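Protein chains in written order, with my numbering: chain A, 1 to 295; chain B, 1 to 212.
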Amino acid sequence: MQQRSHHFSLGRVNISLQSDCRSFVDEYRSLYESYRRESVDGEVIEVRIEARHRYPWRRGPFLIHSEGEEGFEVRHRYEVLPHLEWIINWQIIKQRADYVQLHASTLTSPNGALLLPGDPGAGKTTLTAGLLTRGWSYLCDEFALIHPRTREIHPYPRALCIKEPSFSVIDRLGLPLCRKTPYHKPTKGRVAFLNPLDIRPDIVGAPSLIRWVIFPKYVAGAVPALEPIPRSQAAFQLLRQCFNFKAYQGRALDILTDVVRDAECFHLTSGEIHATCDLIQNLVARTRPAKRACA
Amino acid sequence: MTVGTADQPASILPTKRNDVVFHELDCEAVLFDQTSGAVHRFNETTLAVWNACDGTCDASAIARIIANKYALESDVAQTEVDNVIRDLKAKGLLIERPEPTTQPASRLPSRRELLCGGTAKLIYTAPLISTFFASGACASGPSASGAWGAGCKNVGYSCSVNGDCCENPTKTKCQNVGPRAGTCCIQHNEFPCTLDTQCCNVGDTCNAGICN
């Protein structure tokens with residue numbers, strides 16, 4: 001029997017999900033019901049979830065794969081959703097060469113977009129959650145999708161994936177984090193998902209030009225601090241975070257130098273969440289300094 | 001002063017390559033060398049030396065430019081310039097041209113050389129070149145899927161150096177010993193794997209996407 005496809009359109013990313021286990025579809029729908037569509041056009045990421053063995057007394061292992069390629073085999077059902085998100089990320093990187101892709105969280109305000117690039121563990125997602133409570137609009141917590149012609153960041157409003165050490169921070173922010181299901185993700189341990197639409201129904205932002213590039217690094221107990229960095233350093237570091245640099249090569253440098261040329265660039269030492277968000281809010285409230293002229 | 005030999009001209013004219021993607025940002029620069037896959041960042045001092053490497057100034061003339069620009073002692077400027085030129089050459093960013101033999105190795109700087117790179121005095125910082133290598137540009141295997149980036153090699157495909165293997169964010173490397181020597185594989189405690197044979201360490205197994 002042919003399985004039904006469930007279609008979703010998250011910003012510029014279209015997803016078609018099939019599974020012989022209804023519960024997994026329901027889990028995904030619980031996060032992305034607002035993005036469900038009868039059909040989707042254009043580029044579509046097709047993913048499947050299959051139960052490899054069916055026994056009444058035991059579920060799993062489960063195979064999550066896409067486009068007929070090798071995927072992940074996981075033993076436990078609470079590993080499925082994180083790996084499903086992972087497979088989708090993988091396919092975005094492979095299929096969406098129409099964007100320059102950076103490993104970064106992205107938010108927007110009426111004055112422009114904020115780019116938070118960084119390696120895993122830098123604190124991007126937790127900081128993003130904090131800023132969303134301060135009125136920022138949401139684009140994505142994993143990807144910066146930069147349009148190569150307009151230089152705008154486009155949204156892919158996936159659910160924020162919060163690691164267990166940050167659960168208490170999300171609680172202090174008063175955000176609705178669903179922890180009933182003990183999801184597990186490789187190297188990150190236990191995770192939970194935060195649906196940004198549960199914060200505000202109109203929270204997803206529109207494509208925007210980047211005004212601030214801030215490289216966060218969380219240090220427990222630190223006093224939050226912003227350090228201006230040269231734009232050349234910002235461009236250099238952004239290239240290191242570029243998922244599809246090889247597809248763009250020299251053009252990636254062209255595009256990212258354009259991005260930083262019009263932005264203020266900083267290193268951020270993140271500490272307590274409210275103090276860190278205050279620091280960023282104060283930054284964006286200030287006027288942008290004039291560019292230094294070369295001698 | 002550089003002493004010449006029969007094989008090495010007394011003075012050479014460092015010339016920057018013009019086939020790199022180059023962007024100047026606030027008196028610093030970022031370059032991409034498509035040949036090597038390297039991305040370089042120059043601070044202001046290094047950029048000043050780079051700009052002076054236009055094929056008309058020898059190292060001594062460039063040092064005079066830097067000394068004048070930053071109010072440095074001539075021997076300090078010469079040492080710094082020699083180091084930068086050596087570094088740029090090592091990174092394959094310079095072409096060297098012998099100075100025409102009709103000109104003496106040691107001569108007074110021409111007006112053009114003095115004007116080469118400007119004359120304003122600035123705050124001096126030690127030269128800096130930062131470099132990282134994007135994954136090597138090489139053909140992928142039978143499957144077109146290069147994991148995280150087009151052109152890099154996926155797990156299981158042959159490689160020569162770590163730069164051949166997809167590195168972002170899949171932490172693969174080119175194994176050089178053992179049964180998986182010469183193939184891209186996933187390091188211990190890294191992800192994502194789907195088979196035990198994708199792990200670099202022979203004793204590792206693939207558990208929920210991690211080699212451990």
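C-beta atoms are modelled at their ideal positions from N, C-alpha and C, and glycine is treated no differently. Computed from a predicted model, the values in this text were never measured in an experiment.
Can you list the residues of chain A that residue i reaches, using a CB-CB cut of under 7 Å?
i, result
"His188(B)", "Those within 7 Å of His188(B) in chain A number zero; the least Cβ separation is about 12 Å."
"Phe132(B)", "Arg240"
"Val49(B)", "Within 7 Å Cβ-Cβ: nothing; Val49(B) doesn't reach chain A, min ~15 Å."
"Val39(B)", "Phe236, Leu239"
Report the CB separation of residue i from residue j in whole angstroms; it is logged as a contact under 8 Å.
i, j, result
"Cys211(B)", "Cys199(B)", "4 Å"
"Val191(A)", "Ser137(A)", "Actually they are not in contact, since the Cβ atoms of Val191(A) and Ser137(A) sit about 24 Å apart, beyond 8 Å."
"Ile153(A)", "Ala113(A)", "5 Å"
"Leu31(A)", "Asn244(A)", "That belief does not hold up - the Cβ atoms of Leu31(A) and Asn244(A) are roughly 26 Å apart, past 8 Å."
"Leu128(B)", "Asn201(B)", "That belief does not hold up - the Cβ atoms of Leu128(B) and Asn201(B) are roughly 37 Å apart, past 8 Å."
"Gln91(A)", "Ser109(A)", "With a Cβ gap of about 30 Å, Gln91(A) and Ser109(A) do not count as contacting."
"Leu94(B)", "Arg41(B)", "Actually they are not in contact, since the Cβ atoms of Leu94(B) and Arg41(B) sit about 17 Å apart, beyond 8 Å."
"Phe72(A)", "Ile87(A)", "7 Å"
"Val20(B)", "Val30(B)", "That pair is no contact at about 10 Å."
Where residue i and residue j are concerned, what is the direct C-alpha to C-alpha distance, given to the nearest angstrom?
i, j, result
"Ala129(A)", "Leu160(A)", "8 Å"
"Ala247(A)", "Lys180(A)", "41 Å"
"Cys206(B)", "Leu195(B)", "6 Å"
"Phe133(B)", "Phe8(A)", "37 Å"
"Asp278(A)", "Val223(A)", "12 Å"
"Pro228(A)", "Cys265(A)", "6 Å"
"Cys21(A)", "Arg231(A)", "49 Å"
"Ile375(A)", "Phe143(A)", "Nothing can be reported for residue 375(A): it is not among the residues displayed for chain A, which extend from 1 to 295."
"Ile12(B)", "Arg86(B)", "12 Å"
"Cys116(B)", "Arg286(A)", "Reliability fails at Cys116(B), whose pLDDT of 39 lies under 50, so the model's placement of it is uncertain and the value that follows must be treated cautiously. Going from the Cα of Cys116(B) to the Cα of Arg286(A) covers about 39 Å."
"Arg29(A)", "Ser16(A)", "12 Å"
"Leu107(A)", "Leu139(A)", "5 Å"
"Leu88(B)", "Leu72(B)", "21 Å"
"Thr276(A)", "Gly203(B)", "43 Å"
"Val213(A)", "Asp262(A)", "10 Å"
"Glu28(B)", "Arg64(B)", "20 Å"
"Asn189(B)", "Asp258(A)", "37 Å"
"Ala67(B)", "Ala252(A)", "35 Å"
"Val81(B)", "Ala90(B)", "14 Å"
What residues in its chain sit with their C-beta under 6 Å from that of residue i, if we drop five residues either side in the sequence?
i, result
"Ser19(A)", "Val25, Ile49"
"Gly118(B)", "Per-residue confidence for Gly118(B) stands at a pLDDT of 47, beneath the threshold of 50, marking its modelled position as unreliable; no derived number is given."
"Leu114(B)", "Residue placement at Leu114(B) is poorly supported in this model, since its pLDDT is 46, which falls under 50; the coordinates are not used for a value here."
"Ala206(A)", "none"
"Ala150(B)", "With a pLDDT of 43 at Ala150(B), under the threshold of 50, the modelled position of that residue is not reliable, and the figure given next carries that caveat. Within the same chain, Ala150(B) has no close Cβ partners at all."
"Ser5(A)", "Ser16, Gln18"
Is residue i helix, strand or coil by DSSP?
i, result
"Ala181(B)", "coil"
"Leu195(B)", "coil"
"Phe167(A)", "helix"
"Asp58(B)", "coil"
"Leu10(A)", "strand"
"Lys217(A)", "strand"
"Ile210(A)", "strand"
"Phe143(A)", "strand"
"Lys91(B)", "coil"
"Thr45(B)", "helix"
"Phe245(A)", "helix"
"Thr181(A)", "strand"
"Gln18(A)", "strand"
"Arg255(A)", "This sequence places Ile at residue 255(A); Arg is not what is there. In the structure shown, Ile255(A) sits in a helix (DSSP, three-state: H, G or I)."
"His188(B)", "coil"
"Ile52(A)", "A small fix is needed here, since residue 52(A) is Arg in this sequence, not Ile. If DSSP states are grouped into helix, strand and coil, Arg52(A) belongs with coil."
"Ile64(A)", "strand"
"Ile203(A)", "coil"
"Cys277(A)", "helix"
"Val40(A)", "coil"
"Gln233(A)", "helix"
Taking C-beta pairs closer than 7 Å, name the residues in chain B that residue i reaches, listed in chain order.
i, result
"Thr257(A)", "His23, Leu25, Val30"
"Leu253(A)", "Val21, His23, Val30, Phe32"
For residue i, which residues of its own chain have a beta-carbon under 8 Å away from its beta-carbon, when the five flanking residues on both sides are left out?
i, result
"Val169(A)", "Thr126, Ala129, Gly130, Ile273"
"Gln95(A)", "Glu43, Ile45"
"Ile123(B)", "Tyr70"
Which bits of chain B does residue i rub up against, with CB to CB less than 8 Å?
i, result
"Arg231(A)", "Leu25, Asp26, Glu28"
"Val260(A)", "Leu25"
Residues of chain A with a CB under 8 Å from the CB of residue i: which are they?
i, result
"Gln34(B)", "Gln249, Gly250"
Which residues in the same chain as residue i place their Cβ atom closer than 7 Å to its Cβ, once the five residues preceding and following it in sequence are excluded?
i, result
"Ile93(A)", "Gln101, Phe243, Asn244"
"Ser39(A)", "His7"
"Gly156(B)", "Thr183, Cys184, Gln198"
"Leu197(A)", "Ser34, Ile203"
Using the beta-carbon of each residue, which ones in chain B are nearer than 9 Å to residue i?
i, result
"Lys180(A)", "The premise fails here: Lys180(A) is roughly 21 Å from chain B at the closest Cβ pair, so nothing lies under 9 Å."
Below 7 Å, is the gap between the Cβ of residue i and the nearest heavy atom of the ligand SAH?
i, result
"Cys165(B)", "Ligands in the displayed structure: none, and consequently the ligand SAH is not present."
Using 8 Å as the limit for Cβ to Cβ distance, is residue i near chain D?
i, result
"Tyr183(A)", "Considering every chain present, this structure includes no chain D. Its protein chains are A and B."
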